[in-house]
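Be aware that the sequence shown starts at 33, since it is given in this note's numbering, and climbs by one per residue. All C-beta atoms, glycine included, are put in the ideal place defined by N, C-alpha and C. Just so we're clear, the structure is a prediction, and the values are computed from it rather than from any experiment. First the structure, in the form of structure tokens, and then the observations on it.
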Amino acid sequence: MTKKAERTTAYIIETVAPIFNKFGYVGTSMSDITDATGLTKGAIYGNFENKEALALSAFQYNQQHLLALIEEKLEIEGKAMDKIHSLIRFYRQYDVVTLPFGGCPILNVGVDAQNNNRLLAAAVKETINEIEGKIALVLENGVKAQELRLPVPPLQFAKQMFTMLQGAIAMATMTRDRKYLVNTIAYLEQLLQKEIKN
């Protein structure tokens with residue numbers, strides 16, 4: 033692939049990623065894609081085998097940005113609880129942070145793809161597993177360092193914590209009321225203080 037072709041491919045992905053995320057795989061038409069990019073249908077298909085390949089690349093683009101933000105929050109200096117609180121502070125502003133993506137890629141694409149795109153649904157599930165694994169690793173390291181004690185295994189705790197976060201995001205998105213997110217974060221912070229014993 034030439035440098036020009038690589039730039040065109042990257043431009044298409046970057047341009048359509050928020051559109052696919054916001055309107056979904058079925059809801060995004062080729063005319064939406066050509067209007068946004070200013071490219072012809074032929075130019076789009078010259079870079080992508082089909083719409084499904086483009087949608088997957090668009091999700092992966094958003095996924096990489098989201099994972100990089102989460103890693104940044106979990107890799108701060110400090111103890112395990114400092115890292116977890118850093119992640120929770122990030123989620124308090126999650127709806128604002130993900131606006132340029134077209135909203136939460138996990139929620140939007142995950143729900144949209146369940147019954148119409150196996151590849152996208154699998155990619156979302158893999159992303160969820162990866163995020164839960166990152167949280168679990170921080171918790172596991174905290175347990176090993178005797179910084180905290182968990183009432184359940186680290187991965188189980190990470191899954192429950194992430195479920196609360198994603199549930200709050202879903203409710204805030206569907207009701208357009210960010211109190212669901214803010215209040216759940218406040219409750220989660222109190223829960224962490226009680227459940228994770230030093």
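- Cβ contact annotation for Met62 (same chain, cutoff 8 Å, sequence separation greater than five): Lys73, Ile76 and Lys83, in chain order.
- Looking from the CA of Ala168, the closest CA among Ala153, Ala155 and Gln192 belongs to Gln192.
- With distances taken between CA atoms, Lys111 lies nearest to Gly174 out of Lys54, Arg121 and Gly174.
- For Lys115, the closest of Val143, Lys54, Val48 and Glu103 by C-alpha to C-alpha distance is Glu103.
- Within the stretch 61-95, the alpha helix (DSSP H) runs of at least 4 residues that lie entirely inside it are, in chain order, 62-69 and 73-79.
- By the neighbour-count criterion, in which 16 or more other beta carbons inside 10 Å mark a residue as buried, Val141 falls on the buried side.
- The straight-line gap separating the alpha-carbon atoms of Tyr57 and Phe189 is approximately 32 Å.
- Listed in chain order, the non-local C-beta contacts of Asp144 below 8 Å within the same chain comprise Gly56, Tyr57, Val58, Gly59 and Leu152, local neighbours out to five positions each way being set aside.
- The C-alpha of Lys226 is placed about 52 Å away from the C-alpha of Glu81.
- The Cβ atoms of Gly135 and Asn53 lie closer than 8 Å to each other.
- In the structure shown, Arg208 adopts coil according to DSSP, grouped into three states.
- Cβ neighbours of Glu221 within its own chain (closer than 8 Å, five residues either side excluded): His117 and Ile120.
- By the C-beta density criterion, Asn148 is exposed, having fewer than 16 other C-beta atoms within 10 angstroms.
- Take the alpha-carbon of Gln95 and the one of Arg181: they are about 31 Å apart.
- The shortest CA-to-CA distance from Val184 to any of Lys36, Lys35, Glu172 and Ile217 is the one to Glu172.
- Counting along the chain, the unbroken alpha helix (DSSP H) around Phe52 starts and ends at Lys35 to Gly59.
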